[in-house]
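Residue 0 is where the sequence shown starts when you use numbering that gives the first Met the number 0, and the numbers rise one by one after that.
Built from N, CA and C at the ideal position, the CB exists for glycine as well.
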Amino acid sequence: MLHTKKPLLGLLALAVITSLALTACPMLRRQEGVRIPEAIRAADRQEPTIRVYMHETGQIVSMPFEEYLLGVVAAEMVPTWHIEALAAQAIVARTFTLDKIARQGGVPNRNAHASTNIEEFQAYNAERINDNVRQAVQKTRGRVLSYRGEFVRTWFHAYCDGHTSTAADGLAFREFPTPFITPVTDICPQYTPAEERTFSVTFTRAEVVQALRQIGQTPGDFTEIKVLKKDRAGRAVTVRIGRAQVSAPAFRIAIGSTRLRSTKWQEVSVAGDRITFRGSGYGHGVGLCQWGTKARAERGDAYAEIVKHYFPKAELAQIWD
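Quick look at the structure:
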């Protein structure tokens, strides 16, 4: 047992510093419920090391979590954007990774906690890391979004066109309940370049048929693509193509999500062998909108305000120092 006063003064000083840190970020909470996942936990409140599958080389590399996050933020958002926008991206990317590790071990088929293959996990590009990215990751170090003691599945996308969607509508996601995802309106349309807001893309009939076969459907002959259900944001939820009735998000993924930018279609035309989609938005429209995040940061919003807008039911928690 210690009998000197110096350790007590040190503890008091630490308490004051901690209190000031929490005051500086009012949304931040020291939460008992959300913890570092067991699969990567070395000690409570200590940054973990994770195994990352590098799909370019096929190797598995161990690295500190925050080092991995630098490459994710640099790849997933333009690294020259405002630091507060990059900081918001760091929060959602960190939380997304930890949630995937907590729920399913990360990428178990690779024997890894994360992967640089964008089809399996998040994008990663260490060559794009700059001072903005480093500052954004450092200022949010160890901070995540939680809901009732668990990590939030923090989806993000490029451009929501003014309205986000639920996970069920935007992603056809039904693996587990997502009460922490609340559709919100956004300021992004007036701050996003025209070429990012809208799209027009044409596929061949064979490409459409092949995409449907990938999701177990055979359309037969068809002369139109009919949207059967839209959500409040205007995104297609269910479509009929010939005899096939399919999830619009699943169809988008099957035919190529970088070509068919979103499921918010204003017009779908079938002319002989050519099927043309005209629409707006980029991405699934669930969670954080990156162009909206950029606009909010540039008008002066702090990262905590930004993530609170897109995830209003979530709280910021500090899980390592």
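The beta-carbon separation of glutamine 289 and methionine 53, rounded to 24 Å, does not stay under the 8 Å limit for a contact. In the DSSP annotation of this structure, the continuous segment of the alpha helix (DSSP H) that includes proline 248 starts and ends at 247–254.
Of the candidates Ala249, Leu211, Ala125, Val71, the residue whose Cα lies closest to the Cα of aspartate 168 is Ala249. By the neighbour-count criterion, in which 16 or more other beta carbons inside 10 Å mark a residue as buried, glycine 280 falls on the buried side. In the DSSP assignment, methionine 76 is bridged to no other residue.
Taking 7 Å as the cut-off, the beta carbon of alanine 92 is found closer than this to the beta carbon of valine 71.
Inter-segment contact for the stretch 130–146 and the stretch 258–269 is absent: fewer than three beta-carbon pairs are separated by less than 8 Å. Secondary structure at arginine 242: coil, using DSSP grouped into helix, strand and coil. In the DSSP assignment, threonine 217 forms no beta bridge with any residue. It is roughly 10 Å from the alpha-carbon of phenylalanine 202 to the alpha-carbon of glycine 255. Separation of the CB atoms of alanine 253 and threonine 163 is rounded to 23 Å, and the pair is thereby denied contact status at 8 Å. Counting only the Cα atoms, proline 47 lies some 28 Å from tryptophan 80.
When DSSP states are grouped into helix, strand and coil, arginine 231 belongs to the coil group. Leucine 170 sits away from histidine 308, with the two beta carbons spaced by 7 Å or more.
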